[in-house]
Amino acid sequence: MAFEGASPVNTQHVDVLIVGAGLSGIDAAYRLQTECPDKSYAIVEARAAIGGTWDLFRYPGIRSDSDMSTLGFPFEPWDSDVSIADGEAIRSYIQTTASKYGIDRNIRFGHRVTAADWCSEASRWTVTCETADTTTTWTCDFLYACSGYYDYTAGYTPEFPQVDDFAGQMVHPQHWPADLDLTGKRVVVIGSGATAITLIPSLVGQAEHVTMLQRSPSFVVNLPRVDAVAGKLRRVLPRRTAGSLTRWKNIFLSMYFYQYARRRPDDTRSKILHFAQKQLGDDVDANTHFNPSYKPWDQRLCIAPGGDLFRALRKGKASIVTDHIEQFTPSGIKTRSGEHIDADVVVTATGLVIQLFGGAALSVDGEAVSTAEKLIYKGMMLDGVPNFAFAFGYTNASWTLKCDLTAQYVCRLLNRMSRRGETACVPERDASVEPELMVDLDSGYIQRAKNVMPLQGTQAPWRVHQNYVLDLAATKLSRIDDGAMQFRTAASRSTAASTSTVAESR
0 MAFEGASPVN TQHVDVLIVG AGLSGIDAAY RLQTECPDKS YAIVEARAAI
50 GGTWDLFRYP GIRSDSDMST LGFPFEPWDS DVSIADGEAI RSYIQTTASK
100 YGIDRNIRFG HRVTAADWCS EASRWTVTCE TADTTTTWTC DFLYACSGYY
150 DYTAGYTPEF PQVDDFAGQM VHPQHWPADL DLTGKRVVVI GSGATAITLI
200 PSLVGQAEHV TMLQRSPSFV VNLPRVDAVA GKLRRVLPRR TAGSLTRWKN
250 IFLSMYFYQY ARRRPDDTRS KILHFAQKQL GDDVDANTHF NPSYKPWDQR
300 LCIAPGGDLF RALRKGKASI VTDHIEQFTP SGIKTRSGEH IDADVVVTAT
350 GLVIQLFGGA ALSVDGEAVS TAEKLIYKGM MLDGVPNFAF AFGYTNASWT
400 LKCDLTAQYV CRLLNRMSRR GETACVPERD ASVEPELMVD LDSGYIQRAK
450 NVMPLQGTQA PWRVHQNYVL DLAATKLSRI DDGAMQFRTA ASRSTAASTS
500 TVAESR
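Quick note on numbering that gives the first Met the number 0: the sequence shown kicks off at 0 and runs consecutively.
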């Protein structure tokens, strides 16, 4: 049941408040509408548009790093042969889906959540939002954070030696200037991750020359931009059937490759380097520039659709340097080996700043929640935090796969509570469960976020699976009343809560 209209006073109430109108937020709203039709909901979105990541990032070449059959919504199949899609197409797809299902009518744009406090007496969250003009307050029975995992206001840029000496322009991809003209410019892109590998093939058509400067290499694999099998299936099968088959095909392929890579890392490394060298030609050494010290999937693999990065390097339109930065100079960058790289523009594709829940401060009965001290329950809830879930996707597969499972589980949980008259659910930590890092990646942005990221446990339901099939069973088939999840029933809500203005359609 949707939220319909604003309350005449400052405090508004819904059964479920969703934070964020990106992929996971729109998915969550759809699941609530279809699986919990008696629940009212609203989405508060800090930005002025739908799309989340795909509305924020506007740098040249921005594209998906997963196939769209799994990154897209399972209820609205991606209807194109293009598997690795550009940012504009993804943004349009999210906006069109939200409009088609009426979800866009329940979004409140320009509402940045700054704080959320759970009141046990009232069994209710009070959520504070900042807007351009004022501060608004929402109350909700269940709070659902779908705001991603990084800070939208600023990306990560290291402290480079003597960077102030540089006379050219510095740009971070997270805030790409719309009027940036690279015609005839010498461009250096610092970084070796997905953003750098996406940018370089797009910049070579504009700039005089592009240099990729990396401190250490990443594994880069060539995936087809077009899914030929998906196209054939759509020509002979109904749209939803073709979409489902394509989705499952890609789920199993990605799971197989991940498991193979983890079990046979040396063989996987050899194969990746062999194919990279074949595409690079004789003038670029794959062993030097595409052979990291870590094992495959210790960090997320980078994708070069159609081999575009390899092609740019092979044709000499771009070059690659693997070295440390010694210092910036007025005209470029000097490396530790003594090489000087001339630059008019330096792009710092150096990563993200991890931020959970859109930066909102969580508290329970006035006591601040320290996420780094919490265990994560089924990859979606925090121990000791009632009526709260958050969307956090896979690191080895499409983000939306896990987020959709989370949304379906939240609906199961809400329906069970409604049937039994329960007003609160909270995962209770078992003291015997040993904590460990939630995300098993060596990526810099993950390592920098150890003081933010929650922990996982050594056993279910506190274990985070990077496996869609296991999570599918855990969220759809496992018992909700599993001993770790505790339920409470309040005889009545507090006077303050019960008298707050309710804006619900019932």
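Here a beta-carbon is modelled for each residue, glycine too, at the ideal position from N, C-alpha and C.
Between which two residues does the alpha helix (DSSP H) harbouring residue i extend?
{"i": "K184", "result": "Here K184 belongs to no alpha helix (DSSP H), and DSSP marks it neither H nor E."}
{"i": "K475", "result": "467-475"}
{"i": "M211", "result": "Premise fails: M211 lies in the beta strand (DSSP E), 208-213, not in any alpha helix (DSSP H)."}
{"i": "A195", "result": "193-202"}
{"i": "I250", "result": "238-262"}
Go through its chain and collect everything with a Cβ distance to residue i's Cβ below 6 Å, but skip five positions before and after it.
{"i": "T347", "result": "T156, H171, I189"}
{"i": "A5", "result": "Residue placement at A5 cannot be trusted, given a pLDDT of 43 that sits under 50; what the coordinates show is reported in the next sentence. There are no such residues."}
{"i": "N450", "result": "A371"}
{"i": "D178", "result": "none"}
{"i": "K401", "result": "G392, Y393"}
{"i": "T138", "result": "H12, R123, T125, S499"}
If distances are taken between C-alpha atoms only, which option among the options comes closest to residue i?
{"i": "D364", "options": "A311, A114, L374", "result": "A114"}
{"i": "V352", "options": "Q173, R418, L232", "result": "Q173"}
{"i": "T287", "options": "I89, M380, V320, M169", "result": "V320"}
{"i": "A88", "options": "R62, D66, I102", "result": "R62"}
{"i": "Y535", "options": "A388, A459, T52", "result": "The shown model of the chain, from 0 to 505, leaves out residue 535, and the question about it has no answer."}
{"i": "E421", "options": "I271, D37, D140", "result": "D140"}
{"i": "G50", "options": "F108, P76, W124", "result": "F108"}
{"i": "S431", "options": "E207, W461, N414", "result": "W461"}
{"i": "A303", "options": "N466, G192, M452", "result": "G192"}
{"i": "S146", "options": "H339, P295, A20, V344", "result": "A20"}
{"i": "Y149", "options": "T10, S82, Y376, G350", "result": "G350"}
Could you tell me whether any non-hydrogen atom of the ligand PLP is closer than 7 Å to the CB of residue i?
{"i": "R418", "result": "Although the ligand PLP was asked about, the structure shown includes no ligands whatsoever."}
Can you tell me which of the three DSSP states residue i falls into?
{"i": "V409", "result": "helix"}
{"i": "R107", "result": "strand"}
{"i": "G86", "result": "helix"}
{"i": "Q278", "result": "helix"}
{"i": "H288", "result": "helix"}
{"i": "A483", "result": "coil"}
{"i": "P295", "result": "strand"}
{"i": "V235", "result": "helix"}
{"i": "L308", "result": "helix"}
{"i": "D265", "result": "helix"}
{"i": "G230", "result": "helix"}
{"i": "H273", "result": "helix"}
{"i": "T328", "result": "strand"}
{"i": "Q455", "result": "strand"}
{"i": "S493", "result": "With a pLDDT of 41 at S493, under the threshold of 50, the predicted position of this residue should be treated as unreliable, though the coordinate-derived value follows. Three-state result, S493: coil."}
Of all Cβ atoms in chain C, is any one closer than 8 Å to the Cβ of residue i?
{"i": "Q458", "result": "Looking for chain C here will not work: only one protein chain is present."}
Starting from the C-beta of residue i, find all residues in its chain whose C-beta is less than 8 Å away, skip the five residues before and the five after it, and write them out in chain order.
{"i": "C424", "result": "P385, N386, L412, M416, M484, Q485, F486, R487"}
{"i": "A396", "result": "S65, T69, I250, S253, M254, Y257, Q465, Y467"}
{"i": "L436", "result": "K449, M452, L454, Q455"}
CB-CB under 7 Å to residue i, same chain, minus the five flanking residues each way: which ones, in chain order?
{"i": "N249", "result": "D66, S68, T69"}
{"i": "V73", "result": "Reading off the sequence shown, one finds Pro at residue 73, where the question assumed Val. Contacts found: R246, D403."}
{"i": "C301", "result": "G192, A193, I196, S217, F218, V219"}
{"i": "T96", "result": "I25, F72, E75"}
{"i": "Q272", "result": "In the sequence as presented, Gln is not what sits at residue 272; that position holds Leu. Excluding positions up to five away in sequence, the list reads A285, N286, F289, N290."}
{"i": "D54", "result": "R46, A48, R90"}
{"i": "L587", "result": "The structure shown does not extend to residue 587, since the chain is modelled only from 0 through 505, so no value can be given for it."}
{"i": "Q458", "result": "V432"}
Give the range of the beta strand (DSSP E) segment to which residue i is assigned.
{"i": "I332", "result": "331-334"}
{"i": "T321", "result": "317-321"}
{"i": "F218", "result": "Taken as a continuous stretch (DSSP letters only), F218 belongs to no beta strand (DSSP E), as it is neither H nor E."}
{"i": "P460", "result": "Counting along the chain, P460 falls outside any beta strand (DSSP E), and DSSP gives it neither H nor E."}
{"i": "E435", "result": "434-436"}
{"i": "I340", "result": "339-341"}
Handout entry: beta strand (DSSP E) runs wholly inside the stretch 104-176, at least 3 long, in chain order
Key = 106-108, 111-118, 123-129, 134-144, 168-170
Problem - Sequence ranges, beta strand (DSSP E) only - wholly within the stretch 2-83, length at least 3 - result: 10-18, 40-44
Exercise for the section: With a floor of 4 residues, list each alpha helix (DSSP H) that falls wholly inside the stretch 343-424, ordered by position along the chain. Expected result: 398-419
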